[in-house]
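Residue numbers (our numbering): 202 to 611. Input: a single structure, listed below in structure tokens.
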Amino acid sequence: MNQVAKAERAHIAIVGKRNVGKSSLINSLTNQELSIVSEVAGTTTDPVSKAVELLPYGPIVIVDTAGIDDIGDLGQKRIGRTIKSLSSADFAILVLDATEQIDNCEVELIMHIKKIGVQLIAVVNKIELGTNPTLLDELRALEVIHFEVSCKESVGINSLKRNLIQLLPADVEYPLIDDLVGVGDVVVMVVPIDLGAPKGRIIKPQVQAIREALDENTICIVVKDSELKSALGKLKSPPDLVITDSQAIMRVAKDVPKNIKLTTFSILMARQKGDLTELVKSLKIVDELKEGDKVLIAEACTHHAQKDDIGTVKIPHWLKMHTQKELIIDVKHGLDFPENLSEYKLIVHCGACMFTRKTMNVRIKQAKIMDVPIVNYGMLISYMHGAIPRVLKPFPGAYTEWHNSSLTEV
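Pasting the structure below:
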């Protein structure tokens with residue numbers, strides 16, 4: 202259970218003003234000294250994620266955040282990061298001081314959390330000092346479920362845990378490939394080794410796909426793109442599915458007979474982490490891009506870019522070659538996602554393997570509200586290299602959406 206990746210765990214954001222006991226609550230919930238507790242206001246300066254177990258619920262990620270009443274220019278930036286961290290949360294706990302009343306910044310935070318659709322409860326801490334009845338009335342008026350605790354004296358913590366476990370979202374698993382293959386099926390996975398590949402390892406989507414294939418008792422064959430044709434020739438019968446890294450799609454599509462199902466790791470991630478059919482709809486904008494249009498490339502990872510980096514080098518180059526236009530490319534990493542999306546004509550997002558499904562769907566929703574088309578790396582690369590709609594055939598809904606969107610095969 203401890204080996205569950207952070208992106209697959211329920212994310213709980215702990216928010217509130219400085220010195221209300223956010224860090225103390227985290228320590229009480231986990232029975233561990235995970236967060237530094239201090240009487241000095243503002244001990245936590247930036248969102249910090251901690252992977253822990255909340256038994257009997259299971260693996261979770263707790264996000265400890267800076268106080269929403271932080272001061273100064275730096276304080277405002279910290280508040281902004283706290284607000285951004287909520288977009289990836291499945292659940293939010295607002296910690297309040299039992300002796301005080303709700304102020305404007307807390308009301309605004311409650312409204313924001315409700316607006317973005319994150320489930321919220323309030324924890325009224327420090328009840329050993331007495332409880333302000335007005336505070337409880339205000340919470341009822343705002344329709345926020347609340348629990349009264351004393352982290353200092355360990356009062357109400359067990360009751361809070363029991364209720365929290367009941368309120369947390371059910372553990373829903375979204376498949377990568379296990380609904381596409383069955384026992385005894387043969388799956389060939391094409392894994393190029395380039396400068397972007399981590400030394401001695403392969404990237405997360407590839408690891409995840411291999412593990413799911415093994416769990417389904419399929420026969421999993423892993424090859425480099427340069428060995429694919431030879432590997433296929435040595436099989437007595439065609440494989441049931443071929444999955445490739447998007448960057449090798451042009452070569453792989455030529456080597457894999459058209460009667461064999463083919464897709465990419467990135468498209469599998471697009472389905473697992475987001476809305477595949479919605480992303481398919483957005484492909485039509487690529488051929489409508491004009492000179493000087495702005496394109497946002499959003500990369501979840503914060504790795505150091507290599508000279509052949511997919512997001513900062515290859516995709517901008519392929520876009521220019523495909524459109525024959527000079528485009529303005531903005532690249533954002535991690536949780537850095539612009540609020541004003543309307544200035545962009547297209548958003549190209551990574552596979553989001555390091556994000557929760559919630560985070561990715563919030564971004565898709567934001568783009569849809571601002572009427573900005575959004576696609577993911579693999580879909581765009583496959584489109585520009587002539588592999589759409591072939592790589593969508595394993596997914597009937599997305600394949601149908603392609604043909605319904607009046608697109609012409611490239």
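Backbone N, C-alpha and C fix where the C-beta goes; we use that ideal spot for every residue, glycine too.
Item, Value
"Within the chosen definition, does the segment 256-265 reach the segment 207-225 through at least 3 CB pairs nearer than 8 angstroms?", "yes"
"Roughly how far, in whole angstroms, is the beta-carbon of S467 from the beta-carbon of G552, given that I think they are within contact range, below 8 angstroms?", "5 angstroms"
"Return helix, strand or coil for A242, following the three-state DSSP convention.", "Any reading at A242 must be qualified, since the residue scores a pLDDT of 49, below 50, and its modelled position is unreliable; the value itself is stated next. It is coil, neither helix nor strand."
"Which value, in whole angstroms, describes the spacing of the CA atoms of Y600 and E234?", "50 angstroms"
"So the alpha helix (DSSP H) A599 belongs to, where does it begin and stop?", "597-605"
"Is N326 buried or exposed, if buried means 16 or more other CB atoms sit within 10 Å of its CB?", "buried"
"Quick one: what does DSSP say E500 is sitting in, helix, strand or coil?", "strand"
"What alpha helix (DSSP H) runs, 4 residues minimum, are completely inside the segment 274-332?", "305-316"
"Assuming E349 is part of the beta strand (DSSP E), what are its boundary residues?", "347-349"
"Under 8 angstroms: do the segment 516-531 and the segment 478-494 share three or more Cβ pairs, one atom per stretch?", "yes"
"Give me the residue from Y545, I411, A454, P439 with the minimum Cα distance to S427.", "A454"
"Tell me where the alpha helix (DSSP H) around G434 begins and ends.", "429-435"
"Straight-line CA distance for Q473 to V387?", "21 angstroms"
"Determine the burial state of T335: buried for a count of at least 16 other Cβ atoms within 10 Å of its Cβ, exposed for fewer.", "exposed"
"When burial is assigned at 16 or more other CB atoms within 10 Å of the CB, is Y584 buried or exposed?", "buried"
"Identify the residues that DSSP records as bridge partners of T478: which are they?", "Answer is none; T478 lacks a bridge partner."
"Rounding to the nearest angstrom, what Cα-Cα distance links T560 and S543 in this structure?", "19 angstroms"
"Can you name the start and end residues of the beta strand (DSSP E) that G259 belongs to?", "259-265"
"Can you give me the Cβ contacts of M555 inside the same chain, cut-off strictly under 7 angstroms, excluding the 5 residues immediately before and after it?", "A208, A501, C502"
"Ordered along the chain, which non-local residues of its own chain (more than five positions away) have a Cβ less than 8 angstroms from that of E329?", "S351, K353, E354, V356"
"Under the rule that 16 or more other beta-carbon atoms within 10 Å means buried, what is N577, buried or exposed?", "buried"
"In three-state DSSP terms, what is V563?", "helix"
"If contact is defined by three or more beta carbon pairs under 8 angstroms, each pair taking one atom from either stretch, is the segment 212-222 in contact with the segment 298-308?", "yes"
"With a CB to CB cut of under 8 angstroms and the five nearest residues on each side skipped, what residues in its chain are close to I516?", "I498, V549, Y578, L581, I582"
"Under a Cβ-count criterion, where at least 16 other Cβ atoms within 10 Å of its own Cβ denotes burial, should E374 be classed as buried or exposed?", "exposed"
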